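Working notes for the structure below.
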Amino acid sequence: MSVAESIRETRERIEAACQRAGRDPKEVTLLAVSKTKPLSMLQEAYDAGQRDFGENKVQEILEKAPVLSEDIRWHMIGHLQRNKVRQVIDRTVLIHSVDSFRLAEEINIQALKRRILQDILIEVNAAGEESKFGVSCEDALPLIEQISELKGLKVRGLMTVAPYVVASEENRPVFRKIKQLSVDINTENIDNVSMDVLSMGMSGDYETAIEEGATIVRVGTGIFGERNYSR
Ligand SMILES: *Cc1c(COP(=O)(O)O)cnc(C)c1O
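Start counting the sequence shown at 6; every next residue gets the next number (the numbering used here).
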């Protein structure tokens with residue numbers, strides 16, 4: 006299947022999931038995760054109408070963004086080192102992977118320097134997996150309260166990388182837990198914090214994530230095919 010066909014099919018599946026959940030498909034953004042993929046494939050996706058792209062390495066955003074169209078919205082979805090914030094902040098509409106106050110502080114410093122307001126999500130490690138980044142569900146609220154004092158950024162919601170599972174249904178409780186966490190945090194009415202974005206669901210489970218309230222789904226393999234890390 007071509008990239009354009011995969012995008013069309015993914016969009017159809019997103020719409021069907023929205024229909025099942027009684028949601029408006031306009032509430033859900035398809036983020037094309039283009040890490041490791043060549044520019045030609047990103048261009049194909051762009052030509053098929055795709056505008057939101059996700060990368061997990063600063064270096065790849067810096068290589069790809071200048072040579073592709075300026076109206077692409079780049080999302081940073083991978084672990085971000087503090088010393089790289091300064092390089093990537095001008096290129097990203099949304100940083101999905103904030104999981105410490107120290108990282109938020111650095112984003113704040115760089116945003117204030119540029120007089121911008123950087124939108125961020127708090128990454129939550131919902132299943133408590135050792136191998137994953139993100140704060141625990143218990144630590145999310147205290148971290149967000151601390152970050153809300155920083156004037157150069159705005160917390161827009163939560164992001165989670167659910168466990169790898171064979172059947173997407175297995176991740177439903179994880180998505181439900183993150184949705185509930187965002188509802189709970191929202192009721193705290195913290196200044197400078199909104200909970201309108203929920204970035205959850207990947208190629209294997211994005212339909213389930215949408216049924217449970219995802220507003221951004223991050224689809225890589227489902228659009229661009231398997232990744233080859235050996236190149
Ligand atoms: C790679 C990646 C994805 C996409 O994964 P697929 O299974 O290929 O859809 C989504 N989110 C994050 C954080 C990733 O690193």
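We put the beta carbon where it would ideally sit given N, CA and C, even for glycine.
Since the model is a prediction, treat every value here as computed from it, not as a measurement.
TODO: Using 7 Å as the cut-off, classify the Cβ of Asn176 as near or not near the heavy atoms of ligand 1, replying yes or no.
DONE: No, the Cβ of Asn176 stays beyond 7 Å of every heavy atom of ligand 1.
Task: Backbone secondary structure at Gln55 - three-state DSSP - done: Gln55 falls in the coil class under three-state DSSP.
Open item on the list: Determine, for Ile121, whether the minimum Cβ-Cβ distance to residues of chain B falls below 8 Å.
Closed with: In the structure shown, chain B does not exist; there is a single protein chain.
Task: Straight-line gap, Ala21 to Arg13 (C-alpha atoms, nearest Å) - done: Those two C-alpha atoms are separated by around 12 Å.
Task: Residue environment, Thr213, which counts as buried when at least 16 other CB atoms sit within 10 Å - done: By the neighbour-count criterion, in which a residue is buried when 16 or more other Cβ atoms sit within 10 angstroms of its Cβ, Thr213 is buried.
Task: Leu158 versus Arg120: straight-line alpha-carbon distance, rounded - done: So the two alpha carbons sit approximately 10 Å from each other.
TODO: Could you pull out every unbroken beta strand (DSSP E) segment of at least 3 residues lying fully inside the stretch 196 to 227, listed in chain order?
DONE: Listed in chain order, the complete beta strand (DSSP E) runs (minimum 3 residues) inside the stretch 196 to 227 are 198 to 204 and 221 to 224.
- [ ] Thinking Ile94 and Gln123 are a contact (beta carbons under 8 Å), I'd like their distance in whole angstroms, please.
- [x] The Cβ separation is near 6 Å, so the contact holds.
TODO: Check Glu60 in the structure and name its three-state DSSP category.
DONE: DSSP places Glu60 in strand when its eight states are reduced to three.
Open item on the list: So, for Ala26: in the same chain, excluding its five sequence neighbours on each side, which residues have a beta-carbon less than 6 Å away from its beta-carbon?
Closed with: Same-chain partners within the cutoff: Glu216.
- [ ] Tell me, to the nearest whole angstrom, how far the beta carbon of Leu203 is from that of Leu163; I am working on the premise that it is less than 8 Å.
- [x] Yes, they are in contact, since the Cβ atoms of Leu203 and Leu163 sit about 6 Å apart, within 8 Å.
TODO: Would you mind giving the Cβ-Cβ distance between Ile149 and Ile195, rounded to the nearest angstrom? I have them listed as a contact below 8 Å.
DONE: So it is a contact: roughly 6 Å between Cβ atoms.
TODO: Just mark Asn88 as buried or exposed, buried being the case when its beta carbon has 16 or more other beta carbons within 10 Å.
DONE: Exposed, because fewer than 16 other Cβ atoms sit within 10 Å of the Cβ of Asn88.
Task: Asp144 - DSSP class collapsed to helix/strand/coil - done: Here Asp144 sits in helix by DSSP.
TODO: Take the Cβ of Asn5 as the centre, count every other Cβ of all protein chains shown within 10 Å, and call the residue buried at 16 or more, exposed below.
DONE: Not covered by the structure: residue 5. The range shown for the chain is 6 to 236.
TODO: Ignore the nearest five residues each way along the sequence and tell me which others in Asp57's own chain have a CB closer than 6 Å to its CB.
DONE: Correct list, in chain order: Thr34, Leu36 and Arg78.
Open item on the list: Tell me the DSSP secondary structure of Asp189 in three-state form.
Closed with: Secondary structure at Asp189: helix, using DSSP grouped into helix, strand and coil.
Open item on the list: Residues in the same chain with beta-carbon distance under 7 Å from Ser187, minus the five sequence neighbours each way, listed in chain order, please.
Closed with: In its chain, beyond the 5 residues on either side, Gly162, Leu163, Met200 and Leu203 have a beta carbon closer than 7 Å to the beta carbon of Ser187.
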